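Residue numbers (UniProt numbering), protein chains in the order written: chain U, 1 to 305; chain C, 1 to 93; chain R, 1 to 648; chain V, 1 to 198.
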Amino acid sequence: MKVKSALLLLVLTIATVLTGCEPLMVLDPKGPQAERQAHDILLSIGIMSFIVIVVFAILIYVLIKYRASKASPDYEPPHIEGNKWVELICVGIPVIIVTYFSIVSVQSNNIVEAKPIKYQDKDPLVIYASSSDWKWHFSYPEQNIETVNYLYIPTDRPIEFKLYSYGPITSFWIPQLGGQKYAMSDMVTTLHLAADEPGEMMGRNANFSGKGTAENTFNVTAMSEKDFDKWVKDVKKTAKPLSEKKFDELLKPGHLGQMTFTGTHLKFSPAPEHDHSPSAKPEEGQTDHSKMEMDMDMSDHQNHE
Amino acid sequence: MSELFPRKQIIGFVFSLVLTAAALAVYFLKLSFAQGMVVLVVTAFVQALLQLVVFMHAGESEDKWVIYGKVFFMIAMALITVFGTLLIFLWDM
Amino acid sequence: MEFFERFAIPNPSLAIYASMVAIGLTVVAIIAGLTYFKKWGYLWREWLTTVDHKRIGIMYLLSALIMLFRGGVDAIMLRAQLAVPDNKLLDPQHYNEVFSTHGVIMVMFMAMPFIFAFMNYVVPLQIGARDVAFPRLNALSFWLFFFGAMLFNISFVIGGSPDAGWTSYFPLAGNDFSQHVGTNYYMIAIQISGIGSLMTGINMITTIMKMRAPGMTLMKMPMFTWSVLVTNLIIVTVFPVITVALAMGTMDRLFGTHFFATTNGGMDMLWANLFWVWGHPEVYILILPAFGIYSEIISTFAGRNLYGYKSMVASMVIISALSCMVWAHHFFTMGQGAVANSFFSITTMMIAVPTGVKIFNWLFTLWKGKIRFTVPMLYSLGFIPLFVIGGMTGVMLAMSAADYQYHNTMFLVAHFHNTIIPGVVFAMLAGLTYYWPKMFGFMLNERIGKWSFWTLTIGFCLAFFPMYITGLDGQARRMYTYSEATGYGPLNMVSFVGAGVMAISFALIVYNVYYSVRYSPRNIGADPWDARSLEWATHTPVPEYNFAVEPQVASSEGFWDAKKKGHALFPGKVEKIHMPNNSGVPFIMGAIFFVLGFSLVFSLWIPAILSLIGILACMALRSFEQDHGRYISVKEIEETETKLRGAK
Amino acid sequence: MKVDHSLPLEYGTKQNGLNIFGFWVFLAAEIMLFATLFTSYFTLEHRTGSGPSGTEIFEIAPVIIETLLLLTSSFTIGLGVHAMRLGRKKAMMTFFVITLLLGLGFLGFEIDEFITYIHDGATLQTSAFTAMLMTTLGTHGLHVTFGLFWGTAILLQVKKRGLTPETANKSFIFSLYWHFLDVVWIFIFSFIYLKGMM
């Protein structure tokens, strides 16, 4: 049974590693959403390890006690159909655990799908994050600037990412701020994140999107609101405006370094927000409205040119 | 002679015509969406049951309950697929 | 020339040219060998046209082993590429093709035929039937699977392999982003073998429901038969879904429709939705027969009846129903709201309850038993702790909010390998060792078998446990490389070593077969394991009619009753036995399906239409044919019986 | 071949019972096949892109005619099976021929409907909605087409070989298939056409 105990040891080692000898990215949160998720992860590891240990213990005990080499040659194992109470316990305990997890899971769902509770009273900063093969474009409509492959965010302020894609499905993921969400070309998804402390983080596309998936990453820098405003000002001073032609060039498949522009692509290439309304039934008013907005965008854009 | 007369089939046919007419009311009577859907769901499923029992003789062999079980299990799974998908894509998106 | 260009490989490499040569040489060698030894007639009469469930089972088994090799080589390539940071062994395109084919082959063309092998071989024996309900259809199922698998495999050398992952998410799998024919192969090859699986499902349900031996009520069926019944219920439920999804995908790629495109109203996530409506139950299709095999083996080698038979059955039925309502947990992160996620999160976790019941029942079966540590038993005992770990991470993944962090990472990869390898692969190897003497008349060597078990277990732990850690450290799946700065290097190296150890284990299994063919004793009798259910009550090798007299059972362990309690298993007299005739039509139909598939992949419309007509002609032929089978006379049966009894 | 005469002819042999049972399982799978088509249809129903919507292209008259044709054919094949059980080969064949002719009529109307759609600019390539509509209707239509060939093949066998357990079994299974297509049509009629025109 050496290997069995070795196995146990292995599991324990993993558990120790997970709980903090080395800060694994997901378990080293820098924002409230990631914190909640890390909490759920550690909680489930803890409770599930208990079940694993129980099963291991029973298994090892049974294997040692009832091996044929130890039993007398004329031992005949009994015929046992089952026991109501034993089976009830085997159902009952998992049911209790699953119920508990279900409650936690539903709570967490509502937490991560909404504006972080901690920053409930602040207006969110809206950032449109769109992917194209194999880059990320970040548009800040409020600041009217756009970056490629890097992201600056203020700390202590909720951030609402609007995700969509100019190609295959991608998944926007900053492990230390919170879990990922898909970016698709026919609809816009919303991801609520926030950063608690300044620092650099890794962000990437987690969903397979073709040849360049591995390198489809971006850098995230969280900084104080003051530094962020300063950066915005700098950008406005130094960066060139983003023209439609330039943006079309950026969309071509390939990898690019980090870039900064003033203006956003949302004007000439708006996010696919209107295609996706739950009751996409063409009700007269709604269609007109979206058309109008499109027209406005178009005229807006012409003025700029 | 009475067994020569396909009574069951004729009653079934008349019923299915009536149900079809009832379903058509949705088109001709300008019902609201909710009312219309109720009518359609009722007429379609009753009609399906009618075909199953009257014409398809689902209940005549020794495997009656297996066949009914199988068909209703499948209908349940079909409904779960339809409504699960609608939940994901339309109602909670 | 333009016509032929489409067959070229879009991104050839040395490895591909080498395999082309290797495949060519193998084909030539097989043809030459068959001709030299004059085995063409034998092959045609005894195997290609057979409708015998036992032979079909063995053909499934051989195909599964070959595909295991193919998928395994893919796996080694993947791990080798990731063993060190910034590796240049494979380029990204090649890497994408390798992991796509690895997934499809392992699920569709290795695990599926492996379970079909045991279903076919064991179930009719276990319920005391002569054959399956529709022997001809069974042969057709096999040949559809086989030619589907072949079609998928030639993509490697003609036209290029699929490169959008085994899930083939659109729009990546659409014409815009995957221009070569690889994904066509995916769509059509899976379609063809999927039709075969669906027909197996119908066949097995009918067999089990209608052809059980007298006395075998539903609640007296052996556990493996129960698991097969439930599995086939799921097959019949979900394979139509993938049929439709694949048809829609094929139309998108070949006829320019916009189901999953991003323009004209298409919806890329609909593919993902339909794929997983099938895809999630599919993993239960794989795991439930494995549970059945474990139940048989554990109760045999613990020397005890299976604990909690009723709750075992109930848990499988509940799993089958639940498995069809959890599919959205594969895309929690798609952007649906908290309500949908909560629903699918809870249903997913609920599956842990019946699964837990099964685990505890196995443990209690060992309780007060008399445990013999044979190779099949070792696999079953290794399965329990490893699968519990896999199940535990499954519950973790089911918590949708936390899943946002696991999704698409190596954590997920570790989880599903942790359930599928100890769950399915261990079960298949256990079943292979367990049923080998029944199938081939001699046992596999125990010592080499134990070596392969230990290497496989250790290799498995080394290969997959590190992925849990790298996953939590942010390593996404399907990345062909990573930089040194990420720090994923050492753990990926451990994984690679683990994959190598697993490869050694499979090599040992092959060596074991070779060694046992040469040296194993042949006089093992009909019941070498001291087993409990009906399949061990007939002779080894099993005569073509399975049982000379229809068995009569009184419990789920009919054979055990006969051995220990003096229950009369064969009370009747020998009568003439009706058997189906062999037929070449299933093989020919399979071959025509292959031509049809190939023509569709390359949009060759004329041969496609011709082969479609050919298929309809085969069906019409079958309809008009009057084939009432044949009878084996009492004299013939008695001769065979005496001979087999003497051979003991 | 053992024939049990206490049962209707189509159940007479053991293999016959298996065939009928197996076909029920197949029909259960077909339920799921059409359910998947409906799932996709409901999801894509309003995703019309630049193409027409259902309200714009559906017409009530052909739909009512198609429905009546198929309902009646379901009735006549029921009469056919009734006649078969009474051992009246001729009556049975007549009802089967009527059924197939009604089926052919249905198919004619459906093809005409498709041609109209294409004239209206609703082709397979127009939008996700039109593609899904045509795929759902087309799958049903292909089933009917296949049924026409299959039914003809069975009729020929009944004519040549008479009502044997084998031919009776095939005819009965064919009737199950045909009724099932009728059921599917009811759902298409209700949840594609009527819902779309409501």
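Quick reminder that beta carbons are idealized off the backbone N, C-alpha and C, glycines included.
No experiment lies behind these values; they were computed from the predicted model shown.
query, result
"Whole-angstrom distance between R:A173 and R:P376, CA atom to CA atom", "41 Å"
"Sub-8 Å separation of R:W415 and R:T333 beta-carbons", "Here residue 415 of chain R turns out to be His, not Trp, going by the sequence shown. Not in contact: R:H415 and R:T333 (Cβ atoms no closer than 8 Å)."
"Chain C residues whose Cβ lies nearer than 7 Å to that of V:W24", "I67 and K70"
"Cβ pair R:V228, R:C324 closer than 8 Å", "no"
"R:R478 burial status per 10 Å Cβ neighbour count (16 or more: buried)", "buried"
"Distance between U:S105 and R:F152 (C-alpha atoms, nearest Å)", "40 Å"
"Within 8 Å, strictly: CB atoms of R:M110 and R:L68", "yes"
"Length at least 4, wholly inside the region 39–118 of chain U: the alpha helix (DSSP H) runs in chain order", "84–112"
"V:F42 at chain C interface by Cβ criterion, 8 Å", "yes"
"Contact check, R:G590 vs R:F134, beta carbons under 8 Å", "no"
"Under 7 Å from the C-beta of R:V395: neighbouring residues of chain U", "S44, M48 and F101"
"CB contact flag (V:F174, V:W150, <8 Å)", "yes"
"Minimum Cβ-Cβ distance from V:G49 to chain R less than 8 Å", "yes"
"Stretch-stretch touch, CB-based, cutoff 8 Å, three pairs: the region 163–176 of chain U with the region 87–101 of chain U", "no"
"Cβ of U:L193 within 8 Å of any chain R Cβ", "no"
"For R:T231, the nearest candidate out of R:F255, R:A245 and R:H280 (CA to CA)", "R:H280"
"Within the region 92–144 of chain R, ranges of the alpha helix (DSSP H) (whole runs, at least 4 residues)", "92–104 and 112–126"
"Backbone CA spacing between U:K281 and R:M219 [nearest angstrom]", "Caution is warranted here: a pLDDT of 38 is assigned to U:K281, below 50, making its placement in the model unreliable, and the coordinate value is therefore given only provisionally. Whole-angstrom Cα-Cα distance: 51 Å."
"Integer Cβ distance of U:F138 from U:T147, believed to fall under 8 Å", "5 Å"
"Cβ distance (whole Å) where R:L456 is taken to contact U:L63 below 8 Å", "At roughly 19 Å, the Cβ-Cβ gap does not stay under 8 Å, so R:L456 and U:L63 are not in contact."
"Chain R within 8 Å of U:F161, Cβ atoms only", "no"
"Residues that U:G199 bridges to, as DSSP identifies them", "U:A222"
"Contacts that R:M312 makes with chain V (C-beta to C-beta distance below 9 Å)", "The premise fails here: R:M312 is roughly 24 Å from chain V at the closest Cβ pair, so nothing lies under 9 Å."
"Under 8 Å from the C-beta of C:F89: neighbouring residues of chain V", "T43"
"Where the region 324–335 of chain R meets chain C: residues whose CB sits under 8 Å from a CB there", "C324, M325, W327, A328, M334 and G335"
"Cutoff 8 Å: R:T481 Cβ touching any chain U Cβ", "yes"
"When R:N492, R:F624 and R:G303 are compared against U:I80, the one with the closest alpha-carbon", "R:G303"
"Distance CB(U:E215)-CB(U:W134) smaller than 8 Å", "yes"
"Classification of V:W185 by the beta-carbon crowding that lies within 10 angstroms, buried from 16 upward", "buried"
"R:H94 burial status per 10 Å Cβ neighbour count (16 or more: buried)", "buried"
"The region 288–295 of chain R contacting the region 238–248 of chain R, beta-carbon criterion three pairs below 8 Å", "no"
"Same chain, Cβ closer than 7 Å to R:D91, neighbours up to 5 away in sequence not counted", "none"
"For U:A206, three-class secondary structure by DSSP", "coil"
"Contacting positions in the region 166–187 of chain U - beta carbon closer than 8 Å to chain R", "G167, P168, I169, S171, W173, P175, G178, G179, Q180, K181, Y182, M184, S185, D186 and M187"
"Euclidean distance between Cα positions of U:G178 and R:P422", "32 Å"
"Contacting residues, own chain, Cβ-Cβ under 7 Å from U:S279 (five flanking each side not counted)", "Summary for U:S279: the model assigns pLDDT 37, below 50, so the residue's position carries little reliability; its value from the coordinates is reported in the next sentence. Around U:S279: no qualifying Cβ."
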